[in-house]
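Residue numbers (my numbering): 397 to 540.
Note that the Cβ used here is the ideal one computed from N, Cα and C, for glycine as well.
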């Protein structure tokens with residue numbers, strides 16, 4: 397499994413918004429702080445909007461903010477949204493494994509275990525956890 401640029405940038409964007417909860421944040425400001433192309437972020441925003449991860453305000457003083465507290469967003473949820481699946485192999489992408497070899501596959505338990513570990517780990521980390529860990533490790537200074 398490899399996390400795409402879209403997944404990594406969406407996570408960085410949401411962390412940036414979590415670090416600036418005082419109001420709407422302009423996309424250009426996020427792009428500048430994160431050293432990410434504004435055009436690339438513009439491609440990610442609709443995906444986050446459709447899933448109600450963001451609140452949007454147009455016009456002067458407009459921008460984006462998280463629709464929920466940072467403690468309600470898990471890394472797993474963000475990556476599932478952007479990557480589609482966290483499954484390490486294709487036969488585990490759907491809840492019902494339709495692989496014709498599933499009943500006889502000697503390696504399937506390995507991949508199921510890996511998938512479970514990945515999901516449990518990423519679902520256990522919230523945006524708030526990331527911020528708190530960073531603040532502890534860096535004395536409150538923010539760098540991504």
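> How long is the line joining the alpha carbons of residue 399 and residue 516, rounded to whole angstroms?
Replying inline: If I take the Cα positions, the gap works out to 16 Å.
>> Considering just the uninterrupted stretch of the beta strand (DSSP E) at residue 459, what are its terminal residues?
In response: Counting along the chain, residue 459 sits inside the beta strand (DSSP E) bounded by residues 459-462.
>> Excluding the 5 residues flanking residue 524 on each side, which residues of the same chain have their C-beta closer than 6 Å to its C-beta?
In response: Non-local beta-carbon contacts of residue 524 in its own chain, meaning distances under 6 Å to residues more than five positions away in sequence, involve 466 and 467 in chain order.
> Do you know whose CA, among 422, 471 and 436, lies nearest residue 451's CA?
Replying inline: Ranking the options by Cα distance to residue 451, first place goes to 422.
>> I need the DSSP call for residue 476, collapsed to helix, strand or coil.
In response: Per DSSP, reduced to three states, the secondary structure at residue 476 is helical.
> If we count the other Cβ atoms within 10 Å of its Cβ and call it buried at 16 or more, is residue 427 buried or exposed?
Replying inline: Classification of residue 427: buried, given that the 10 Å Cβ count is 16 or more.
>> Suppose you measure from the CA of residue 417 to the CA of residue 462; what does that come to, to the nearest Å?
In response: So the alpha carbons of these two residues sit roughly 8 Å apart.
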